[in-house]
Amino acid sequence: MTSAPSRQAPEPTSPRPGPRPKPAPPTGAPIRVTGAQSLVRSLEAVGCEVVFGIPGGTILPAYDPLLDSTKVRHILVRHEQGAGHAATGYAQATGRVGVCMATSGPGATNLVTPLADANMDSVPVVAITGQQSRPLIGTDAFQEADICGITMPITKHNVLVTDAAEIPRAIAEAFHIAATGRPGPVLVDIPKDVLQEQTSFTWPPDMRLPGYRPTTRPHGKQVREAAKLVVAARKPVLYVGGGVIKADAHAELLRLAEDTGIPVVTTLMARGAFPDSHDQHLGMPGMHGTVAAVAAMQKADLLIALGARFDDRVTGQLSSFAPDAQVIHADIDPAEISKNRRADVPIVGDCKEIITELIDAVRTERETAKAVDLTPWWDTLKSLRETFPLGYDWPEDGTLSPQYVIERIGALSPSDTIYTAGVGQHQMWAAQFVKYEHPRTWINSGGLGTMGFAVPAAMGIKAGEPGRTVWAIDGDGCFQMTNQELATCAIEGLPVKIAVINNGNLGMVRQWQTLFYGERYSNTDLGTHKHRIPDFKLLAEALGCVGLRAESREEVDEVVQKALEINDRPVVVDFVVGKDAQVWPMVAAGTGNSEIMAARGIRPLFDEDL
Numbered sequence: 001m002t003s004a005p006s007r008q009a010p011e012p013t014s015p016r017p018g019p020r021p022k023p024a025p026p027t028g029a030p031i032r033v034t035g036a037q038s039l040v041r042s043l044e045a046v047g048c049e050v051v052f053g054i055p056g057g058t059i060l061p062a063y064d065p066l067l068d069s070t071k072v073r074h075i076l077v078r079h080e081q082g083a084g085h086a087a088t089g090y091a092q093a094t095g096r097v098g099v100c101m102a103t104s105g106p107g108a109t110n111l112v113t114p115l116a117d118a119n120m121d122s123v124p125v126v127a128i129t130g131q132q133s134r135p136l137i138g139t140d141a142f143q144e145a146d147i148c149g150i151t152m153p154i155t156k157h158n159v160l161v162t163d164a165a166e167i168p169r170a171i172a173e174a175f176h177i178a179a180t181g182r183p184g185p186v187l188v189d190i191p192k193d194v195l196q197e198q199t200s201f202t203w204p205p206d207m208r209l210p211g212y213r214p215t216t217r218p219h220g221k222q223v224r225e226a227a228k229l230v231v232a233a234r235k236p237v238l239y240v241g242g243g244v245i246k247a248d249a250h251a252e253l254l255r256l257a258e259d260t261g262i263p264v265v266t267t268l269m270a271r272g273a274f275p276d277s278h279d280q281h282l283g284m285p286g287m288h289g290t291v292a293a294v295a296a297m298q299k300a301d302l303l304i305a306l307g308a309r310f311d312d313r314v315t316g317q318l319s320s321f322a323p324d325a326q327v328i329h330a331d332i333d334p335a336e337i338s339k340n341r342r343a344d345v346p347i348v349g350d351c352k353e354i355i356t357e358l359i360d361a362v363r364t365e366r367e368t369a370k371a372v373d374l375t376p377w378w379d380t381l382k383s384l385r386e387t388f389p390l391g392y393d394w395p396e397d398g399t400l401s402p403q404y405v406i407e408r409i410g411a412l413s414p415s416d417t418i419y420t421a422g423v424g425q426h427q428m429w430a431a432q433f434v435k436y437e438h439p440r441t442w443i444n445s446g447g448l449g450t451m452g453f454a455v456p457a458a459m460g461i462k463a464g465e466p467g468r469t470v471w472a473i474d475g476d477g478c479f480q481m482t483n484q485e486l487a488t489c490a491i492e493g494l495p496v497k498i499a500v501i502n503n504g505n506l507g508m509v510r511q512w513q514t515l516f517y518g519e520r521y522s523n524t525d526l527g528t529h530k531h532r533i534p535d536f537k538l539l540a541e542a543l544g545c546v547g548l549r550a551e552s553r554e555e556v557d558e559v560v561q562k563a564l565e566i567n568d569r570p571v572v573v574d575f576v577v578g579k580d581a582q583v584w585p586m587v588a589a590g591t592g593n594s595e596i597m598a599a600r601g602i603r604p605l606f607d608e609d610l
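Residue numbers (UniProt numbering): 1 to 610.
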């Protein structure tokens with residue numbers, strides 16, 4: 001339970017680490033309880049460890065029995081958006097379902113952005129919301145909102161529970177739907193009078209999900225067809241998306257890559273699915289991907305898409321993307337296959353099972369078909385990798401390089417550190433300049449691109465992985481959206497580390513203004529440089545954290561080391577960096593990947609190079 005605020009940071013209240021709890025055994029005879037008690041018992045039975053939330057009128061009945069639970073820890077956040085992003089961070093880091101709770105009306109609508117975010121990035125989250133009592137639904141009662149209707153397009157499933165006896169089934173189904181097939185958010189809306197009425201509790205309930213049968217086993221014929229293309233390809237690329245991490249298929253991916261010798265690219269959501277240090281890894285593709293990764297996909301004759309969805313940030317102008325490539329598209333969600341790019345060989349199933357079968361099928365195919373020598377393809381890609389490595393220039397005015405800051409954080413932090421980020425330039429630099437060797441060590445808002453994601457996500461990550469270092473790499477714009485959750489971290493004993501890349505403006509927007517709007521900087525100066533409003537060091541201290549600052553290259557290592565040594569409370573480091581650093585490489589929106597800019601005004605000529 002949460003502690004009362006104080007000026008001194010309290011002793012950390014450790015969450016319960018360890019393996020995922022197993023569902024409780026059948027309870028036998030029904031137990032008479034309130035709907036609220038049934039809800040808490042159901043959460044305990046499905047193995048819920050942590051709930052992020054804020055009480056309010058209609059959800060208040062659920063908070064009374066929650067006080068007595070010895071299995072479910074509640075973390076009192078400062079804003080419902082923080083609860084939702086914390087649930088996402090928890091889920092992404094642990095692979096378990098994240099849970100958030102809010103009251104009706106504005107409490108529930110404050111969860112809309114996190115739910116949309118989780119939906120875009122396929123994150124298993126269950127949101128539990130209070131609703132006005134049944135007789136008042138539809139009367140525009142106080143704090144009434146049709147949250148099921150509002151969230152229908154952005155949840156995998158949602159339900160309004162109108163009978164207290166249905167609470168156990170609703171919770172069991174919510175967790176099952178959220179975690180199986182293509183993961184996603186589920187919302188359970190419960191009226192206040194349903195939580196208050198008497199009912200019977202039994203576990204496990206009978207789940208009734210007609211038509212919900214996610215396909216996990218791939219079709220053998222499709223896998224064999226894919227193997228034929230893999231063995232015959234001269235310029236193949238393994239295009240790896242976040243679905244590989246969701247399926248815990250990183251070990252199988254490594255085997256497939258090493259068995260075939262095929263180059264690998266990992267999307268923004270798949271960083272860590274394949275080790276950065278591996279020689280077959282070309283880096284991240286897309287708008288701010290490496291030149292080698294973008295070029296490889298653009299000139300490939302075969303794309304083996306695993307748990308990826310041909311997102312516009314990866315493909316650029318879709319009509320000119322990878323024009324000569326055949327496509328093997330493997331995904332758990334049949335709706336994604338051929339949605340953006342037609343698949344020559346579609347494979348529906350769990351990535352772990354698909355890759356396992358594909359490894360065997362490729363070995364079998366090679367017994368009768370001669371494998372193509374990929375040496376010429378690799379010679380080309382290695383040349384591109386050497387010619388256009390990731391790098392950066394120091395600001396001409398002598399200010400601190402933001403890329404250097406992020407690079408040093410990655411170099412000095414423990415190897416099992418988990419990183420998260422807000423959205424913008426700092427997010428791209430964190431994806432580029434931190435080396436990711438393991439899955440679930442890079443957690444960010446990919447599809448929705450939600451500013452303010454980092455701090456509450458870091459809070460959720462730390463709650464789920466209390467023994468690991470958690471860095472949130474944030475921008476001064478993003479940080480000002482959700483930094484109130486640092487108070488939660490301080491009080492709840494969640495010692496996260498926040499690196500504020502303080503360039504004084506909305507950096508990615510400013511970059512676009514520099515490149516495409518004639519350097520007309522309309523409303524992007526935040527005042528954090530000119531006026532030091534707010535002073536992030538003092539703000540951190542006011543929120544119960546340690547505040548540090550670095551403004552020069554010489555200070556960076558010292559302040560990062562100091563932050564790493566402090567583990568009894570959160571740390572915020574204000575890195576005051578240059579305002580005009582830009583993210584390169586870059587494919588401008590609406591252009592094709594062949595027009596990638598390695599730096600301003602410099603374009604690699606793929607047709608000549610390949």
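Just so you know, even glycine gets a beta-carbon here, dropped at the ideal spot from N, CA and C.
This structure is a prediction, so every number in the text was calculated from the model and none was measured.
Give every residue of the same chain whose Cβ lies closer than 6 Å to the Cβ of G452, excluding the five residues on either side of it in the sequence, and list them in chain order.
Within the sequence shown, numbered from 1, the residue matching residue 452 stands at position 452. Same-chain partners within the cutoff: C478, M481, T482.
According to DSSP, what are the bridge partners of F175?
Position 175 of the sequence shown holds residue 175. According to DSSP, which records beta bridges pairwise, F175 is partnered with nothing at all.
Under the DSSP definition of a beta bridge, which residues are partnered with P346?
Along the sequence shown, one-based indexing puts residue 346 at 346. Answer by DSSP bridge pairing, in chain order: H329.
On a Cα-Cα basis, can you pick out the residue from S552, E396, N444 that is closest to I461?
To locate residue 461, count along the sequence shown from 1; it is residue 461. Of the listed residues, the one whose Cα sits closest to I461 is N444.
The region 247-255 touching the region 377-397, judged by at least three CB pairs closer than 8 Å:
The region 247-255 vs the region 377-397: no contact.
Between the region 392-399 and the region 228-238, can you find at least three pairs of beta-carbon atoms closer than 8 Å?
In the pairwise beta carbon analysis, the region 228-238 is classified as not touching the region 392-399: fewer than three pairs are separated by under 8 Å.
Nearest-angstrom Cα separation, counted from G446 out to residue 612:
What is shown of the chain runs 1 to 610, which leaves residue 612 out entirely.
Note the first and the last residue of the continuous beta strand (DSSP E) segment covering C478.
Here the question's residue 478 lines up with position 478 in the sequence shown. Here C478 belongs to no beta strand (DSSP E); instead the alpha helix (DSSP H) covers 476-482.
Which partner residues of D189 appear in the DSSP bridge assignment?
Translated into positions along the sequence shown, residue 189 becomes position 189. DSSP lists T129, L160 as partners of D189.
If you run the structure through DSSP and keep just helix, strand and coil, what is T591?
Position 591 of the sequence shown, counting from 1, holds the residue named residue 591. In the structure shown, T591 falls within a coil segment according to DSSP collapsed to helix, strand and coil.
Residues near V372 in its chain [Cβ-Cβ closer than 8 Å; skip 5 each side]
Along the sequence shown, one-based indexing puts residue 372 at 372. Beyond the five residues adjoining it in sequence on each side, V372 comes within less than 8 Å, by CB distance, of V231, A232, A233, R234 in the same chain, given in chain order.
Helix, strand or coil, according to DSSP, for T441 in the structure here?
Counting from one through the sequence shown, the residue named residue 441 turns up at place 441. T441 sits in coil when the DSSP states are folded into three classes, being neither helix nor strand.
Does the count of Cβ pairs from the region 537-548 and the region 506-516 closer than 8 Å reach three?
No, the region 537-548 does not touch the region 506-516.
Residue(s) in a DSSP beta bridge with H219
Along the sequence shown, one-based indexing puts residue 219 at 219. Note: H219 sits in no beta bridge, so no partner.
When the Cα of N502 is compared with those of Q403, E485, Y90, A599, which residue comes out closest?
Position 502 of the sequence shown, counting from 1, holds the residue named residue 502. With distances taken between Cα atoms, N502 lies closest to Q403.
DSSP three-state call for G243: helix, strand or coil?
Reading the sequence shown from its first residue, position 243 is the one you call residue 243. Three-state DSSP puts G243 in a helix.
Figure out for me which residue from M269, I128, L526, A226 has the closest Cα to the Cα of G243.
Taking the first residue of the sequence shown as 1, we reach residue 243 at position 243. Looking from the CA of G243, the closest CA among M269, I128, L526, A226 belongs to M269.
Return helix, strand or coil for Q298, following the three-state DSSP convention.
Locating residue 298 in the sequence shown gives position 298, where the first residue counts as 1. In the structure shown, Q298 sits in a helix (DSSP, three-state: H, G or I).
Entirely within the region 27-90 and at least 3 residues each: give me those beta strand (DSSP E) ranges in chain order.
Runs of the beta strand (DSSP E) lying entirely within the region 27-90, each at least 3 residues long, are 31-34, 50-53, 73-76 in chain order.
Assuming V455 and I498 are in contact, meaning their beta carbons sit under 8 Å apart, how far apart are those beta carbons, in whole angstroms?
For this step, residue 455 is matched to residue 455 along the sequence shown. For this step, residue 498 is matched to residue 498 along the sequence shown. Rounded to the nearest angstrom, the Cβ distance from V455 to I498 is 6 Å, consistent with a contact under 8 Å.
I'd like to know whether the C-beta of G242 is nearer than 8 Å to at least one C-beta of chain C.
Here chain C cannot be found, since the structure has a single protein chain.
Verify whether the separation of the beta carbon atoms of R549 and V576 is less than 8 Å.
Walking along the sequence shown from the start, residue 549 turns up at place 549. Walking along the sequence shown from the start, residue 576 turns up at place 576. Yes, they are a contact pair.
In the structure shown, what three-state DSSP assignment does residue 617 receive?
The requested residue 617 is not part of the displayed model; the chain covers only 1 to 610.
Just to confirm my understanding: we take D574, look at its own chain, exclude 5 residues before and 5 after, and list those with CB closer than 6 Å. What are they?
Here residue 574 is taken as the residue at index 574 of the sequence shown, counted from 1. Here the set comprises V500, N502, F536, K537, R549.
With DSSP collapsed to three states, give me the class of H426.
Within the sequence shown, the letter at position 426 stands for residue 426. Correct three-state label for H426: helix.
For E80, collect the residues of the same chain with a Cβ closer than 7 Å to its Cβ; drop the 5 residues on either side in sequence, then sort them by chain order.
Stepping through the sequence shown from its first residue, residue 80 is reached at position 80. Excluding residues within five positions, the ones whose Cβ falls inside 7 Å are I54, A102, G107, N110, L111.
Measuring only from the beta carbon, is Q132 closer than 7 Å to any heavy atom that is part of the ligand ADP?
This structure simply doesn't include the ligand ADP, nor any ligand for that matter.
Using CA atoms only, rank isn't needed, just tell me which of P376, C148, V50, E519 is closest to T88.
Stepping through the sequence shown from its first residue, residue 88 is reached at position 88. When each option's Cα is compared against that of T88, the closest is V50.
In angstroms, rounded to a whole number, what distance separates the CA positions of residue 613 and P153?
In this structure the chain extends from 1 to 610, so residue 613 is not present and cannot be described.
Nearest-angstrom Cα separation, counted from R341 out to D393:
Indexing the sequence shown from 1 puts residue 393 at position 393. Indexing the sequence shown from 1 puts residue 341 at position 341. C-alpha separation (whole angstroms): 37 Å.
Looking at the structure shown, is P25 part of a helix, part of a strand, or coil, going by DSSP?
For the purposes of this step, residue 25 is taken as residue 25 along the sequence shown, with counting starting at 1. Low confidence applies here, because P25 scores a pLDDT of 48, under 50, leaving its location unreliable; read the following figure in that light. In the structure shown, P25 sits in coil (DSSP, three-state: anything other than H, G, I, E or B).
With DSSP as the reference, please indicate the residues paired to R520 in a beta bridge.
Position 520 of the sequence shown holds residue 520. BP columns for R520 are empty, so no partner.
Tell me whether N567 is buried or exposed, calling it buried when 16 or more other Cβ atoms sit within 10 Å of its Cβ.
Here the question's residue 567 lines up with position 567 in the sequence shown. Counting Cβ neighbours within 10 Å, N567 comes out exposed, since fewer than 16 surround it.
Using a Cβ-Cβ cut-off of 6 Å (strictly less than) and excluding sequence neighbours within five positions of A330, which residues of its own chain qualify?
Position 330 of the sequence shown, counting from 1, holds the residue named residue 330. Within the same chain, A330 has close Cβ partners L306, I347, I354.
If you follow the alpha helix (DSSP H) that S552 is in, where does it begin and where does it stop?
Here residue 552 refers to the residue found at position 552 when the sequence shown is read from its first residue. First-last for S552: undefined, no H or E at that position.
Backbone CA spacing between V423 and A431 [nearest angstrom]:
By 1-based counting over the sequence shown, the position of residue 423 is 423. By 1-based counting over the sequence shown, the position of residue 431 is 431. Linking V423 to A431 through their CA atoms gives a straight-line distance of about 11 Å.
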